[in-house]
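Here is the structure we will look at, set down as structure tokens.
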Ligand code: NAI
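In our numbering, the protein residues as written are 8 to 315.
The structure is reproduced here in structure tokens:
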């Protein structure tokens with residue numbers, strides 16, 4: 008199984024690293040426009056093989072898409088990240104041009120591939136990739152919900168003082184500081200609703216921390232985060248390549264689901280070898296429905312910027 012990651016920066020290289028050491032794919036190609044950069048990252052990762060104990064072949068190329076031929080999955084992380092104080096939305100102009108060109112290039116050599124879009128603003132970049140390539144909607148998946156849900160589970164784990172892996176929780180809606188919707192009502196610890204352990208006030212703080220989870224890290228690091236984003240992409244790629252059919256919140260094209268049309272937005276999906284196998288319906292309460300509708304409006308508004 009072959010994975011190409013376009014953009015060998017912080018997120019792309021971390022994702023390649025996790026895919027390799029977890030043996031998710033047999034081959035990983037990193038591609039970047041910076042001369043020698045992807046080659047360097049690939050070599051560095053390959054030199055972990057003996058100490059980490061993996062057999063994945065990792066290579067790097069500068070802009071040579073022929074080396075990506077026959078990829079089962081292509082991850083697009085190329086583009087600029089946020090700096091402190093920036094919103095994901097402010098990246099739209101530069102990243103739109105990059106994502107469109109990259110998607111066209113990868114399809115020349117991997118016409119059957121599934122594309123995972125990471126570049127921000129991710130919901131809009133996913134929509135752009137879908138519209139510009141004309142691929143069926145199951146083959147374009149935006150990664151945001153996997154990361155936001157992971158951050159949500161982390162903050163819940165800190166509030167509960169219990170391991171994050173024993174906590175189930177999901178974030179749906181747009182992948183933005185004000186548009187994501189941490190579903191506190193449905194979060195559980197070993198099957199027991201967290202509402203039984205945490206007060207409404209604490210839950211609201213957990214949700215608020217989750218929503219600005221990326222911005223908090225950008226403030227601390229001076230650029231956007233990479234460990235959790237890279238691991239979240241690898242988690243998604245694993246479910247595709249190994250047909251795990253995991254339920255993961257992903258940004259996908261909706262046609263009537265959750266009352267929305269003609270946008271890509273975070274909804275619970277079953278992810279397997281065909282990409283999006285199914286969009287799951289969760290019964291939302293009136294408040295959650297209203298938040299989802301507001302989030303969808305914001306995503307739609309951002310997509311309008313693609314027209315200008
Ligand atoms: P980075 O700056 O470390 O890496 C980006 C890489 O893309 C650079 O190495 C650059 O040379 C390369 N690049 C730029 N144009 C290219 C092109 N046309 N072809 C090939 N490579 C090209 O940035 P980082 O931190 O890795 O973030 C990448 C993107 O992912 C950003 O847009 C960021 O906002 C987004 N992101 C999305 C997340 C999500 O949950 N969806 C989470 C974290 C970051």
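Every residue, glycine too, gets a C-beta built ideally from N, C-alpha and C.
Alpha carbon to alpha carbon, how far is residue j from residue i? Give it in angstroms, no decimals.
i, j, result
"residue 298", "residue 188", "7 Å"
"residue 307", "residue 153", "21 Å"
"residue 69", "residue 58", "27 Å"
"residue 217", "residue 155", "7 Å"
"residue 28", "residue 294", "42 Å"
"residue 72", "residue 88", "23 Å"
"residue 157", "residue 239", "8 Å"
"residue 288", "residue 263", "11 Å"
"residue 54", "residue 24", "11 Å"
"residue 39", "residue 85", "8 Å"
"residue 255", "residue 34", "24 Å"
"residue 305", "residue 185", "9 Å"
"residue 203", "residue 311", "42 Å"
"residue 191", "residue 43", "45 Å"
"residue 103", "residue 13", "14 Å"
"residue 252", "residue 171", "21 Å"
"residue 206", "residue 159", "16 Å"
"residue 303", "residue 198", "30 Å"
"residue 257", "residue 56", "31 Å"
"residue 219", "residue 36", "32 Å"
"residue 93", "residue 126", "15 Å"
"residue 195", "residue 292", "17 Å"
"residue 183", "residue 223", "13 Å"
"residue 243", "residue 30", "14 Å"
"residue 267", "residue 161", "29 Å"
Quick one: grab the DSSP three-state call for residue i.
i, result
"residue 195", "strand"
"residue 93", "coil"
"residue 48", "helix"
"residue 57", "helix"
"residue 177", "coil"
"residue 40", "coil"
"residue 150", "coil"
"residue 64", "strand"
"residue 34", "strand"
"residue 278", "strand"
"residue 8", "coil"
"residue 26", "helix"
"residue 75", "helix"
"residue 290", "coil"
"residue 21", "helix"
"residue 69", "strand"
Let me check you understand the geometry: is the CB of residue i closer than 8 Å to at least one non-hydrogen atom of ligand 2?
i, result
"residue 243", "Here the bound small molecules are ligand 1; ligand 2 is not part of this structure."
- Task: Tell me, please, whether the stretch 102-120 touches the stretch 218-233 by the rule of three or more beta-carbon pairs shorter than 8 Å.
- Result: no
- Item | Any 3 or more C-beta pairs closer than 8 Å across the stretch 271-286 and the stretch 145-160 | yes
- Quick one: complete alpha helix (DSSP H) runs, 4+ long, within the stretch 197-276? 207-218, 220-228, 234-248
- Kindly confirm or deny that the stretch 231-249 and the stretch 17-28 touch, where touching means at least three C-beta pairs closer than 8 Å. yes
- Check whether the stretch 77-87 touches the stretch 233-253, counting contact only when three or more Cβ pairs, one atom from each stretch, lie closer than 8 Å. yes
- Please determine if the stretch 162-170 and the stretch 127-143 are in contact, where contact requires at least 3 C-beta pairs separated by less than 8 Å. Segment contact: the stretch 162-170 against the stretch 127-143, fewer than three CB-CB distances shorter than 8 Å; contact not assigned.
- Message: Extract the residue ranges of the alpha helix (DSSP H) inside the stretch 90-145, only unbroken runs of 4 or more that lie entirely within it.
- Response: 99-116, 129-140
- Take every Cβ of the stretch 45-53, pair it with every Cβ of the stretch 116-128, and state whether three or more of those distances are shorter than 8 Å. no
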